[in-house]
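Working notes, beginning with the structure itself.
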Amino acid sequence: MFRIVRLEAKRSIALPLLLVLAALTRAFLWMDIQEWAASWASLVQSARAIAWVSLPVVLAAGIWHGGREGRNEVSELFAATPRPRPVRLLPAFVAIVGAVVIAEAGVVAWAATLIARHATYSGGQWPLGLAVGLLAAIAVTLLGLGIGRAVATPVAAPLAAVALFLVLAVSADERPANRLVDVVLPMLPKTDDFHRVLPSLSVSQCVWFTALGATGVLLTVAGTRRARWLALTPAVAGIALAALLAPSGAIVRDPQATALVCARENNRICVTKVHTHALPTLVAPAQKVLDAFAEVPGGPERVEEKPESWKLDAAAPASHGGKRGTVRTEFPQLTQSGSIRWKPDVLLAALAQDTMFDEACYSEEKDFTRATDASDAVAALLLRTPTDELSPGAREAYDTLRPLPAKERYSRIGEGRKAGLTCGDPLAVIMGRGAGR
Amino acid sequence: MTRGSRGLMLYARSRSIPATLLVFLAAACLAWTGYLTDDPATAHRIGLIAVVLGVAAVPRTLAGPDEELERATALPWRLVRTLHLTLLAGLLLSLLAADHLITARQSHTVPFDNLAQAVPALTASTALSAACFGARTAWMPSVGWGLLMIAVGPRISLGGQALTWMVQEPPTVTSATTAALLTVVGVAAYARRGSRL
Numbered sequence: 001m002f003r004i005v006r007l008e009a010k011r012s013i014a015l016p017l018l019l020v021l022a023a024l025t026r027a028f029l030w031m032d033i034q035e036w037a038a039s040w041a042s043l044v045q046s047a048r049a050i051a052w053v054s055l056p057v058v059l060a061a062g063i064w065h066g067g068r069e070g071r072n073e074v075s076e077l078f079a080a081t082p083r084p085r086p087v088r089l090l091p092a093f094v095a096i097v098g099a100v101v102i103a104e105a106g107v108v109a110w111a112a113t114l115i116a117r118h119a120t121y122s123g124g125q126w127p128l129g130l131a132v133g134l135l136a137a138i139a140v141t142l143l144g145l146g147i148g149r150a151v152a153t154p155v156a157a158p159l160a161a162v163a164l165f166l167v168l169a170v171s172a173d174e175r176p177a178n179r180l181v182d183v184v185l186p187m188l189p190k191t192d193d194f195h196r197v198l199p200s201l202s203v204s205q206c207v208w209f210t211a212l213g214a215t216g217v218l219l220t221v222a223g224t225r226r227a228r229w230l231a232l233t234p235a236v237a238g239i240a241l242a243a244l245l246a247p248s249g250a251i252v253r254d255p256q257a258t259a260l261v262c263a264r265e266n267n268r269i270c271v272t273k274v275h276t277h278a279l280p281t282l283v284a285p286a287q288k289v290l291d292a293f294a295e296v297p298g299g300p301e302r303v304e305e306k307p308e309s310w311k312l313d314a315a316a317p318a319s320h321g322g323k324r325g326t327v328r329t330e331f332p333q334l335t336q337s338g339s340i341r342w343k344p345d346v347l348l349a350a351l352a353q354d355t356m357f358d359e360a361c362y363s364e365e366k367d368f369t370r371a372t373d374a375s376d377a378v379a380a381l382l383l384r385t386p387t388d389e390l391s392p393g394a395r396e397a398y399d400t401l402r403p404l405p406a407k408e409r410y411s412r413i414g415e416g417r418k419a420g421l422t423c424g425d426p427l428a429v430i431m432g433r434g435a436g437r
Numbered sequence: 001m002t003r004g005s006r007g008l009m010l011y012a013r014s015r016s017i018p019a020t021l022l023v024f025l026a027a028a029c030l031a032w033t034g035y036l037t038d039d040p041a042t043a044h045r046i047g048l049i050a051v052v053l054g055v056a057a058v059p060r061t062l063a064g065p066d067e068e069l070e071r072a073t074a075l076p077w078r079l080v081r082t083l084h085l086t087l088l089a090g091l092l093l094s095l096l097a098a099d100h101l102i103t104a105r106q107s108h109t110v111p112f113d114n115l116a117q118a119v120p121a122l123t124a125s126t127a128l129s130a131a132c133f134g135a136r137t138a139w140m141p142s143v144g145w146g147l148l149m150i151a152v153g154p155r156i157s158l159g160g161q162a163l164t165w166m167v168q169e170p171p172t173v174t175s176a177t178t179a180a181l182l183t184v185v186g187v188a189a190y191a192r193r194g195s196r197l
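Residue numbers (our numbering), protein chains in the order written: chain A, 1 to 437; chain B, 1 to 197.
Written out as structure tokens, the structure is:
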């Protein structure tokens, strides 16, 4: 048996498939490494998202492998072998499925070793998420084998690959929010570090992909047209059962991931548990901001990461100064994914902005620019950030604040901050023109 | 039926031209559905996938059931092969461009100059693969490359522009040169050698 499998692996498409699939998966995972480099949830999302590129390759390879007897016109000759058809085809199954499993699992294992060094929260569900992705690849391979044996024309493989690519690419672009779509598609619904996929979705996807794989196996071993039609039964039953099991809203908020963890040396600086790896880098700029605003009346006393996501949570209403003592910051890369690369000066600029105004207040670009100008001027004055790149508006505010006596200057910054957090016009306040917008 | 038209009919049947035309029609229908979506990015992607779908059926036509037997016949094969490729690419291009005329939209999902570059170059790259690896496996490099270009999207670097020539919009000098080279080399290699036996 082992000898036949080795022969199959050497003489079939298995080895090229292994290399192509591993290279493709590795390349596409590498392209968005910043998305998942420190978060298990993001790795599962990224690994599953690659399905729209990898599964058409897998399907085409399966069809090509399954159709080789038909293409070479040796079906009748091999049918005369005195062994049951499933036993005769077993080495073909093992070779092609083995290639897919080794390629996909190998690349994901490489990614997992990278993550293990940085990730601080796993949620415990990532193995299930990755296993479902692998199961989807196996199911599509088996389905390909079945289609290949049923339709032996050489154009079946390229046409099926293009068709599957079309379906998956369009679904990736415009995905309807539907429980059936969530089950059928191998790509996960949109999620991020602050949310988790319900295990019931993974279980229902396991049911669907197992049924699809069973259909593939039955199609492969089917000898008659009737048997081929009957082979579709598991897929139909599987999709019905999976749709019943699937939850209607598969993505839910993960309270454990969003729980705040504060720095040991300074419990006024906190981030979400899932981003604890970011804390050491955040402490220095956050402390700098707190120290710089210490003299400002009503200045901030804490820095916290905002545990809400702009992708999935409903937009939070403007705070109207509800918690002026806390700077609630959101780092686009940090919050939405597990990025581990960012610069302290970028963090400092983001923190300075979040200290001075609430972004949710300023949907108009003109108002946002005015608030940013005020923030930049204050940052240049208190944090001693470079003044070379200040915009004309920010430069004017900076020049207005700078000659003022210290008490008047801090008071005006405090008033400007209050206006920025209560949806007023912080630039007007800093320039001494009142807070109206 | 005259002898010439009978020969033409037999040639078309031996190369599965009728089935290929059906796939071309399917590609044209797919490109047309691109106009039904509101999202321009999706419409554009569908337009490009339609090109790859059409070209995916071409390799089957690049060799007959018995190439060795065919080549023994006294026909100007180089001319036949060149005409074969030109007609197929021209037909696919016409069908895809016809969508634009029928829907009479101001903007095409895939701009016409990109389409006029993608269809001949991808067809010729299939022909080049057939000359190098045989008609049976000729779809693998061309369809694989086409789908990969769509998945990756346009790249800015010089090498990237050459590798993603099909999705550069508007076509750059590098992408247009790559497409032209592929077209010329593909057609020349296939016309000269035919499908690898």
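In this text, a Cβ means the ideal position worked out from N, Cα and C, and glycines have one as well.
Residue i (DSSP reduced to helix, strand or coil)
i, result
"residue 169 of chain B", "coil"
"residue 338 of chain A", "With a pLDDT of 49 at residue 338 of chain A, under the threshold of 50, the modelled position of this residue cannot be trusted; read the value that follows with caution. Looking at residue 338 of chain A - three-state DSSP - the assignment turns out to be coil, as it is neither helix nor strand."
"residue 423 of chain A", "coil"
"residue 110 of chain B", "coil"
"residue 195 of chain A", "strand"
"residue 265 of chain A", "coil"
"residue 251 of chain A", "strand"
"residue 303 of chain A", "strand"
"residue 438 of chain A", "Absent from the model: residue 438 of chain A. The displayed extent of chain A is 1 to 437, so no value can be given."
"residue 36 of chain B", "coil"
"residue 260 of chain A", "strand"
"residue 190 of chain B", "helix"
"residue 188 of chain A", "coil"
"residue 411 of chain A", "helix"
"residue 360 of chain A", "helix"
"residue 136 of chain B", "coil"
Straight-line gap, residue i to residue j (C-alpha atoms, nearest Å)
i, j, result
"residue 99 of chain B", "residue 50 of chain B", "12 Å"
"residue 35 of chain A", "residue 291 of chain A", "32 Å"
"residue 31 of chain B", "residue 148 of chain B", "19 Å"
"residue 123 of chain A", "residue 273 of chain A", "11 Å"
"residue 38 of chain B", "residue 117 of chain A", "44 Å"
"residue 178 of chain B", "residue 132 of chain A", "40 Å"
"residue 41 of chain A", "residue 193 of chain A", "6 Å"
"residue 410 of chain A", "residue 325 of chain A", "16 Å"
"residue 277 of chain A", "residue 255 of chain A", "18 Å"
"residue 195 of chain A", "residue 182 of chain A", "16 Å"
"residue 133 of chain B", "residue 195 of chain B", "8 Å"
"residue 111 of chain B", "residue 21 of chain B", "23 Å"
"residue 181 of chain B", "residue 30 of chain A", "31 Å"
"residue 220 of chain A", "residue 233 of chain A", "14 Å"
"residue 87 of chain A", "residue 19 of chain B", "35 Å"
"residue 177 of chain A", "residue 249 of chain A", "9 Å"
"residue 16 of chain A", "residue 7 of chain A", "14 Å"
"residue 225 of chain A", "residue 28 of chain B", "31 Å"
First through last residue of the beta strand (DSSP E) which encompasses residue i
i, result
"residue 269 of chain A", "269-272"
"residue 329 of chain A", "326-329"
Residue range of the alpha helix (DSSP H) that includes residue i
i, result
"residue 441 of chain A", "Because chain A here runs from 1 to 437, residue 441 of chain A falls outside it and cannot be looked at."
"residue 288 of chain A", "279-292"
"residue 100 of chain B", "77-103"
"residue 75 of chain A", "75-79"
"residue 386 of chain A", "Unbroken run through residue 386 of chain A: none, as it is neither H nor E."
"residue 233 of chain A", "233-245"
"residue 59 of chain A", "51-66"
"residue 70 of chain B", "67-71"
Residue i: CB within 7 Å of a non-hydrogen atom of the ligand HEM
i, result
"residue 186 of chain A", "As far as ligands go, the structure on display features none, and thus does not contain the ligand HEM."
C-beta neighbour in chain E for residue i, strict 8 Å
i, result
"residue 56 of chain A", "Among the protein chains of the structure shown, namely A and B, there is no chain E."
Note to self: To be precise: take each residue of the segment 3-25 of chain B, compare its Cβ to all Cβ atoms of chain A, and keep it if any distance is under 9 Å. Which residues remain?
What the structure shows: Those residues of the segment 3-25 of chain B placed with their C-beta closer than 9 Å to a C-beta in chain A are 16, 19, 20, 23, ordered along the chain.
Item checked: Interface positions of the segment 40-58 of chain B facing chain A (Cβ-Cβ less than 8 Å), listed along the chain -> 41, 42, 45, 46, 49, 52, 53, 56, 57
Item checked: Members of the segment 150-169 of chain B near chain A, C-beta cut-off 9 Å -> 150, 151, 152
Notebook entry, point to check: In the segment 398-409 of chain A, which residues sit with their C-beta less than 7 Å from some C-beta in chain B, listed in chain order?
Noted result: Answer in chain order: no residues at all.
Check: Taking a cut of 7 Å between CB atoms, which residues from the segment 5-23 of chain A lie near chain B?
Finding: So the list is empty, because no residue satisfies the distance condition.
Check: Listed in chain order, which residues of the segment 121-140 of chain B have Cβ atoms closer than 7 Å to some Cβ of chain A?
Finding: The residues in question are 136, 139.
Check: What residue ranges within the segment 112-181 of chain A form continuous alpha helix (DSSP H) runs of no fewer than 4 residues, ordered along the chain?
Finding: Runs of the alpha helix (DSSP H) inside the segment 112-181 of chain A: 126-150, 156-173.
Margin query: So if I threshold CB-CB distances at 9 Å, which residues from the segment 147-165 of chain A count as touching chain B?
Written below: 153, 154, 155, 157, 158, 159, 161, 162, 163, 165
Checklist line | Under 9 Å (Cβ pairs) to chain B, residues found in the segment 166-186 of chain A | finding: 166, 169, 170, 173, 174
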